[in-house]
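Chains as they are written, first to last, in numbering that gives the first Met the number 0: chain A, 0 to 338; chain B, 0 to 338. Just so you know, even glycine gets a beta-carbon here, dropped at the ideal spot from N, CA and C. The structure under discussion appears below in the form of structure tokens.
2 protein chains.
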Amino acid sequence: MPDNLKVALDAMGGDSAPEVTIAGAIEAVSGHDIEVILVGDRTKLTELLKGKRYPPEKIFIHHASEVVEMHEATSIALRKKKDSSIRRAIELVKHHEAQAVVSAGHSGVAMATSLFVLGKLESVDRPAIATIMPSLTGYFLLIDVGANVDCRPENLLQFAYMGNAYFKTMFNAPSPKIALLSIGEEDTKGNELTKEAFKLLKGTGLNFIGNIDGKDIFSGSADIIVCDGFIGNIVLKVSEGLAETILKMLKMEIANVVTGRLGYLMIKPAIRGFKKRTDYSEYGGAPLLGINGISIISHGRSSARAIKNAIRVAGEMAKAKVHEIIANDLKGQSPFKSQ
Amino acid sequence: MPDNLKVALDAMGGDSAPEVTIAGAIEAVSGHDIEVILVGDRTKLTELLKGKRYPPEKIFIHHASEVVEMHEATSIALRKKKDSSIRRAIELVKHHEAQAVVSAGHSGVAMATSLFVLGKLESVDRPAIATIMPSLTGYFLLIDVGANVDCRPENLLQFAYMGNAYFKTMFNAPSPKIALLSIGEEDTKGNELTKEAFKLLKGTGLNFIGNIDGKDIFSGSADIIVCDGFIGNIVLKVSEGLAETILKMLKMEIANVVTGRLGYLMIKPAIRGFKKRTDYSEYGGAPLLGINGISIISHGRSSARAIKNAIRVAGEMAKAKVHEIIANDLKGQSPFKSQ
């Protein structure tokens, strides 16, 4: 019988770590066939675990003496903090002591260290971060959301392949619909980058449905939306900011209406339902695709629930060996091979 | 005494033209010291004006025999439809028979024809479209939202100057806060384009407050947000799409709650208030800045109210001679001059 899946968790990473990461780990192991290695200050972690109810055979501690702070420069953290929780957690995957890693710490450092320690897949030119976003009919995958700020058309093509491998495996969808984020739907619309990427995507066996306009991304018409990491990050952040702003504006308007307070109480369950539906913590973090292993980058503001879901997704990705599927799908497809 | 301001209106342009454009023109002249020249099919326009109440000395008709349809290719419409309502309207500005032009028709054609007929200002390399968007505390100007899909750093610098000239003049704000749309606020964050543009903006006398992250654009912390037209268009469209999606999702959730219907009725005035506050028609369209004249491009879905507001803004821009202020502000500032 094979061992249980082990997920390494950067226990010190995140705005409310390690309290929240520990809580997330306990939730994760309680419901699932999974074990978690908490990586961080052993004394502190041991102290915090005391008195908590959890299956002790499913939670381990791996000591790391340093913590990367949120404001640190990526390059310096990468060079100087060799015993950071984030690095040690990733190294556990490298040394096959864990099958996947989750960090809600410094996302730049988590990304760079994952890439540096685990390395990229041979057929991949640039790894990319994929994130699930809610749509009117369910959800869609946006890739890349920040790993690559300047891209070539071939990069976007690879993002499509990687997103496809992830989506079909994790959501059991054999042929997800892939669209290219652009201005207007017509084939000829776009900038230099997307016009070239469009041609490349047309020539694949992927289920490429063409350009998608910004106003339609939440309609549910595409499963995977491909863009460069600069635009993807802006789209993700603008959406986050706008959703918050709209709820704030609505509350301000409701406060101005005589019957508003009572009305608000009556629709409050609906607001909760809406929040649950659009809550990033349901999706548990964003995988860095294209590296030789499974690494999930979670929001710094992750709740225990978000950490739990990230661990669950990391476990599923490890079980399905998504990185091997990506390597396989891209074999012979890479436009960089012939250069 | 000088003549009243005259605004040329592409009466045939827009999803519900000419009924809606006529209604907007009548609203505009009724409340303001402004005259409107309806450009389009004289017979049809005369027929539709019959029986309507309006001051006849303030509405004129200028005949044009052709109409550019929404699906037409810009290059072909520009070359072949010389007697289109959109072109004739713009020509009235060229020939000083009107001081500004408004079109809710094919926006690509409106933009290209404005540029072709009126020409760009000498000191401007690339004209840009600026649009007002609602924020938590009021509104902000986003520039460019679609005129230029591939930009150089110098273009973004000029967008900042043009946006500044427009904003300070129209909103009576002597030193508007200008930010550069990027990923993260730190000076060093961004892609190649924005990193270079950041340095150029630092060296100006403009009130440049640095990079702004996507999540903060609606916070009200910047008056003007600068980006290339590809990203600007996507941000604008994503925001439009998300706002609609959120309201739809909330309604769906409210329908699932027992007390939802009654609660919704009680907060309905608040939803109306919210919609009014975020309604693009309040702002009346997006000026094409950097050309030798005043041209406003309105949404194809413009209501009569949106057309009225666009005419009002066009009149104010003409009165303030915003294009001359831009020319003046950019004189000697253009990084293209020395090349």
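| query | result |
| --- | --- |
| Inter-stretch contact (C-beta, 8 Å, three-pair minimum) for the segment 3 to 11 of chain B and the segment 23 to 37 of chain B | yes |
| Test item: CB-CB of B:Gly314 and B:Ser297 under 8 Å | no |
| A:Ala269 at chain B interface by Cβ criterion, 8 Å | yes |
| Minimum C-alpha distance to A:Thr112 - residue among A:Ser74, A:Asp14, A:Gly183, A:Leu140 | A:Ser74 |
| C-alpha distance - B:Leu264 paired with A:Gly240, whole-angstrom precision | 27 Å |
| Own chain residues within Cβ distance below 6 Å of A:Val144, not counting five before or after | Ile128, Thr130, Gly231, Asn232, Leu235 |
| With 16 other Cβ atoms within 10 Å as the buried cut-off, status of B:Ser337 | Here B:Ser337 scores only 41 on pLDDT, less than 50, and its place in the model should not be relied on; the value that follows carries that caveat. That one is exposed. |
| Other residues of its chain near B:Ile293: CB distance less than 8 Å, five sequence neighbours each side excluded | Val92, Gln98, Ala99, Val100, Pro286, Ala313, Met316, Ala317, Val321, His322 |
| Among B:Asn206, B:Lys201, B:Leu179, the one whose alpha carbon lies nearest that of B:Thr193 | B:Leu179 |
| DSSP-derived helix/strand/coil call for A:Leu4 | strand |
| Reference B:Pro133, options B:Val66, B:Ala242, B:Asn3, closest by Cα | B:Ala242 |
| Positions along the segment 179 to 192 of chain B whose CB lies within less than 9 Å of some CB in chain A | Leu180, Ser181, Ile182, Gly183, Thr187, Lys188, Gly189, Asn190, Glu191, Leu192 |
| For A:Ile60, the nearest candidate out of A:Gln332, A:Glu96, A:Asp149, A:Glu252 (CA to CA) | A:Glu96 |
| C-beta contact flag for B:Gly39 and B:Ala76 at 8 Å | no |
| Below-8 Å beta-carbon distance, B:Glu252 vs any chain A residue | yes |
| Residue-level contact to chain B via CB, A:Asp212, 8 Å cutoff | yes |
| 6 Å Cβ shell around B:Leu141 - same chain, five flanking residues per side excluded | Thr130, Met132, Ile224, Gly231 |
| For B:Ser64, three-class secondary structure by DSSP | coil |
| Inter-residue spacing [alpha-carbon to alpha-carbon] between A:Met0 and A:Ala16 | In this prediction, A:Met0 has a pLDDT of 39, which is less than 50 and means its spatial position is unreliable; nothing more can be read from the coordinates. |
| Cβ contact (3+ pairs, closer than 8 Å) linking the segment 151 to 159 of chain B and the segment 119 to 128 of chain B | yes |
| As assigned by DSSP and simplified to three states, the class of A:Thr42 | helix |
| Uninterrupted beta strand (DSSP E) stretches inside the segment 72 to 111 of chain A (no shorter than 3 residues) | 99 to 102 |
| Under the three-state DSSP convention, the category A:Met248 falls into | helix |
| Under 7 Å by beta carbon: chain B residues contacting A:Ser238 | Val237, Leu241 |
| Check: B:Ala10 C-beta below 7 Å from any heavy atom of the ligand ATP | In terms of ligand content, the structure shown is empty, and the ligand ATP therefore cannot be addressed. |
| Cross-chain neighbours of B:Val256 in chain A, by beta carbon under 8 Å | Met265, Ile266, Pro268, Ala269, Gly272 |
| Beta-carbon neighbours of B:Asn232, restricted to chain A and to distances below 8 Å | Ile182, Gly213 |
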